[in-house]
Ligand code: 13P
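Numbering (the working numbering), first residue to last: 3 to 251.
Next up, the structure:
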């Protein structure tokens with residue numbers, strides 16, 4: 003049985019001061035150990051403050067990005083070791099906003115995934131098609147390629163990743179994939195993971211859905227066979243709506 007994992011991606015929102023309040027509210031609401039694994043992913047500048055709040059609690063800490071090299075002359079970048087030192091156990095990699103605005107390719111994502119795993123972080127690897135790609139019936143092709151290239155060459159470590167299926171057209175738009183649409187792509191992803199690592203291993207990998215997930219649409223999405231949680235944007239910025247999704251599990 004895969005444990006469901008609900009992660010909040012705060013994106014470029016919340017100062018360190020604002021982050022503390024949100025993290026405290028989520029931690030308090032998670033005091034009665036939730037059924038789901040709960041992760042918060044504040045911006046880099048708020049990681050230290052939020053780490054201080056959630057340390058020792060049921061709430062895990064994640065970052066939204068990292069560099070693929072261990073250290074060096076990469077102005078403005080952050081390494082896996084820096085994230086670990088702050089108490090992170092997760093890192094979101096290959097989010098569609100990173101792919102769109104910062105040119106991240108599957109090859110870059112793959113390097114980052116390997117570096118994260120080698121450092122002991124759990125990568126949340128994001129994949130998903132654009133609206134144009136869906137309209138052109140390219141969803142299967144695009145998502146398959148993102149999986150096959152993004153998580154290639156991991157060996158047994160493949161079992162340590164989390165995948166997030168985020169259809170780009172559903173992110174921040176209020177448009178959600180229907181449970182059936184999402185389940186179809188999640189099943190496709192599990193099929194690709196099976197090709198890469200075998201059925202037994204693929205069955206253990208959590209595949210989150212992301213894209214306008216809210217407390218009201220979460221129960222039906224989360225009840226699909228291959229939907230093992232959510233990667234939440236907008237609704238993660240408010241403790242009540244985020245906990246509404248956590249409690250839908
Ligand atoms: P929204 O929940 O705001 O659509 O964002 C989803 C997302 O991109 C999470 O990573």
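Using N, Cα and C, we set each Cβ at its ideal position, and we do this for glycine too. The structure displayed is predicted, hence computed values, not measured ones.
Is the segment 62 to 80 in contact with the segment 88 to 96, if contact means three or more CB pairs nearer than 8 Å?
yes
Report, in whole angstroms, the separation of the C-beta atoms of residue 9 and residue 61, which I expect to be a contact under 8 Å.
Walking along the chain shown from the start, residue 9 turns up at place 7. Walking along the chain shown from the start, residue 61 turns up at place 59. Going by Cβ atoms, the distance from residue 9 to residue 61 rounds to 10 Å, so no, they are not a contact pair.
Measuring only the C-alpha atoms, how far is residue 114 from residue 97?
Counting from 1 along the chain shown, the entry for residue 114 is found at position 112. Counting from 1 along the chain shown, the entry for residue 97 is found at position 95. If you take the alpha carbons of residue 114 and residue 97, they lie about 12 Å apart.
Proximity to residue 190 [Cα-Cα], best of 177, 144, 250
Within the chain shown, residue 190 is the residue found at index 188, counting from 1. When only C-alpha atoms are compared, the closest one is 144.
If I'm right that residue 164 touches residue 126 with Cβ under 8 Å, what's the distance once you round it to whole angstroms?
Taking the chain shown and counting its residues from 1, one reaches residue 164 at position 162. Taking the chain shown and counting its residues from 1, one reaches residue 126 at position 124. Correct: roughly 5 Å between the Cβ atoms.
When the Cα of residue 122 is compared with those of 135, 142, 86, which residue comes out closest?
In the chain shown, residue 122 corresponds to position 120, counting from 1. Among 135, 142, 86, the Cα nearest to that of residue 122 belongs to 86.
Helix, strand or coil for residue 173 per DSSP?
As a working note, residue 173 is residue 171 in the chain shown. Three-state result, residue 173: coil.
Which term fits residue 104, buried or exposed, when burial requires 16 or more other beta carbons within 10 angstroms of its beta carbon?
Here the question's residue 104 lines up with position 102 in the chain shown. By the 10 Å Cβ count, residue 104 comes out exposed.
Can residue 11 be considered in contact with the ligand 13P, in the sense that its beta carbon sits closer than 7 Å to one or more heavy atoms?
The residue you call residue 11 lines up with position 9 of the chain shown. For the ligand 13P, at least one heavy atom lies less than 7 Å from the Cβ of residue 11.
Can you pull every residue whose C-beta falls closer than 6 Å to some heavy atom of the ligand 13P, listed in chain order?
11, 97, 168, 173, 174, 212, 213, 214, 215, 233, 234, 235, 236, 237
Entirely enclosed alpha helix (DSSP H) segments - the segment 96 to 126, minimum 4 residues:
98 to 104, 108 to 121
When you compare each of 205, 152, 224, 196 to residue 183 by their alpha carbons, which one comes out closest?
In the chain shown, residue 183 corresponds to position 181, counting from 1. For the residues 205, 152, 224, 196, the minimum Cα distance to residue 183 belongs to 224.
Confirm, please, whether the CB-CB distance from residue 153 to residue 167 is below 8 Å.
Walking along the chain shown from the start, residue 167 turns up at place 165. Walking along the chain shown from the start, residue 153 turns up at place 151. Contact: no.
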